[in-house]
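To start, the structure itself, in structure tokens.
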Amino acid sequence: AQKITQTQPGMFVQEKEAVTLDCTYDTSDQSYGLFWYKQPSSGEMIFLIYQGSYDEQNATEGRYSLNFQKARKSANLVISASQLGDSAMYFCAMREGPSDMRFGAGTRLTVKP
Amino acid sequence: GAGVSQSPRYKVAKRGQDVALRCDPISGHVSLFWYQQALGQGPEFLTYFQNEAQLDKSGLPSDRFFAERPEGSVSTLKIQRTQQEDSAVYLCASSLEGARNQPQHFGDGTRLSIL
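Residue numbers (the working numbering), protein chains in the order written: chain A, 104 to 216; chain B, 33 to 147.
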């Protein structure tokens, strides 16, 4: 069964505007971690932000914030003030145990000038 | 550099050949992971090491795939008798420990093409 669902294969955003990338997940564990990674065309996976299942506040890292709705099992990434360099693939991932990191299919974000 | 280092960056092999992919994790990172990423898809988990112990190899697609980390640092992913469906990017990642809140830091990957 798919554990991480990213329903937006592609998204467009105007430079300097905010964009939300959707992610829903499926787990029966109470303790888990949620991650977002960015993968530019060069291929490297860049860690962006982390949210723990017990964290009461939404995580923020600079222009990135995570809209965590535990009851709905969603962990959307919000990028504020988009920049051209934000154009990339974005992957949502969940970690339930030491090894079990599952990734979604990704969303390709294109920032328009 | 201080990041995860993978080599080679690109590998082309003929079907049936054996290949070996190397990963040098961040110094001091206990946990090491291998992933396979097909074109246009997210990474798929292959195997996990904690120090030299391979604790999870449930993602290895067949017995042609073998991974080792004999001294708890550098790891090698070996694919025997390669087939065309093995063509993918192989990503290595490391983390400080195996806790759920630890982000995994990835290398640039090895792009494997099987002709």
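The C-beta atom is built at its ideal place from N, Cα and C for all residues, glycine as well.
DSSP puts residue i in a beta bridge; with which residues?
i                : result
Lys141 (chain A) : A:Ile149 and A:Tyr193
Lys119 (chain A) : Looking at the DSSP assignment, Lys119 (chain A) forms no beta bridge with any residue, so it has no partner.
Ser37 (chain B)  : B:Asp56
Ser168 (chain A) : A:Thr163 and A:Val181
Glu76 (chain B)  : B:Gln68
Gln154 (chain A) : A:Leu137
Cys126 (chain A) : Its beta-bridge partners do not exist; DSSP assigns none.
Val121 (chain B) : B:Gln69 and B:Arg143
Gly48 (chain B)  : In DSSP, Gly48 (chain B) forms no bridge with anything.
His137 (chain B) : B:Ser126
Val62 (chain B)  : For Val62 (chain B), which the question treats as bridged, DSSP gives no partner whatsoever.
Arg132 (chain B) : DSSP, once it has assigned bridges, lists no residue as partnering Arg132 (chain B).
Gln82 (chain B)  : B:Ser63 and B:Ala85
Gly113 (chain A) : A:Arg211
How would you list, in chain order, the residues of chain A whose beta-carbon sits under 8 Å from the beta-carbon of residue i?
i                : result
Arg47 (chain B)  : The contacting residues do not exist; Arg47 (chain B) stays about 24 Å from chain A at best.
Asp56 (chain B)  : Simply none; closest approach about 15 Å.
Gly60 (chain B)  : By Cβ distance, chain A contributes nothing, its closest Cβ being about 17 Å from Gly60 (chain B), past 8 Å.
Asp140 (chain B) : Ser145, Gly146 and Glu147
Phe65 (chain B)  : Ser202 and Met204
Which chain B residues are close to residue i, counting only those with a beta carbon under 9 Å from its beta carbon?
i                : result
Phe138 (chain A) : Pro135 and Gln136
Ala162 (chain A) : Simply none; closest approach about 11 Å.
Gly188 (chain A) : Per Cβ cutoff of 9 Å: no residues; Gly188 (chain A) is ~18 Å from chain B at best.
Phe150 (chain A) : Pro135, Gln136, His137 and Phe138
Tyr153 (chain A) : Asn133, Gln134 and Pro135
In chain A, which residues lie with their C-beta within 9 Å of the C-beta of residue i?
i               : result
Leu87 (chain B) : Pro201 and Ser202
Gln82 (chain B) : Pro201 and Ser202
My assumption, with CB atoms under 8 Å, is that residue i sits in contact with residue j. Please give the rounded CB distance.
i                : j                : result
Lys96 (chain A)  : Ala191 (chain A) : This structure does not reach residue 96 (chain A), given that chain A is present from 104 up to 216, and the question cannot be answered.
Phe77 (chain B)  : Tyr67 (chain B)  : 6 Å
Pro143 (chain A) : Leu187 (chain A) : No, Pro143 (chain A) and Leu187 (chain A) are not in contact; Cβ-Cβ is about 12 Å, not under 8 Å.
Val121 (chain B) : Gln69 (chain B)  : 4 Å
Gln160 (chain A) : Ala178 (chain A) : Their Cβ separation, rounded to whole angstroms, is 14 Å, which puts Gln160 (chain A) and Ala178 (chain A) out of contact at 8 Å.
Lys176 (chain A) : Tyr128 (chain A) : 5 Å
Name, please, each residue of chain B whose Cβ falls closer than 8 Å to the Cβ of residue i.
i                : result
Gly207 (chain A) : Gly74
Phe194 (chain A) : Gly74 and Pro75
Which residues of chain A have a Cβ atom closer than 7 Å to the Cβ of residue i, listed in chain order?
i                : result
Val121 (chain B) : Gly146
Note down, in chain order, every chain B residue with its Cβ under 7 Å from the Cβ of residue i.
i                : result
Ser134 (chain A) : Arg132
Determine the chain E residues that contact residue i at a beta-carbon separation under 7 Å, and present them in chain order.
i                : result
Arg198 (chain A) : Absence of chain E from the displayed structure is noted, the protein chains being A and B.
Can we count residue i as close to the ligand SAM, meaning its CB is less than 7 Å from some heavy atom?
i               : result
Phe98 (chain B) : No copy of the ligand SAM appears in this structure; indeed no ligand is present at all.
Check whether the region 120–127 of chain B and the region 52–65 of chain B touch, using three or more Cβ-Cβ pairs below 8 Å as the test.
yes
With contact counted as at least three CB pairs below 8 Å, one residue from each stretch, are the region 187–202 of chain A and the region 116–136 of chain A in contact?
yes
Spell out a yes or no on whether the region 33–41 of chain B and the region 95–102 of chain B are touching, meaning 3 or more CB-CB pairs, one atom from each, closer than 8 Å.
no
For the region 48–56 of chain B against the region 101–114 of chain B, are there 3 or more C-beta pairs whose distance is under 8 Å?
yes
Any beta strand (DSSP E) of 3 or more consecutive residues that is wholly inside the region 85–114 of chain B:
85–88, 97–100 and 107–111
Report yes or no: do the region 148–158 of chain A and the region 207–214 of chain A share at least 3 C-beta pairs separated by less than 8 Å?
no
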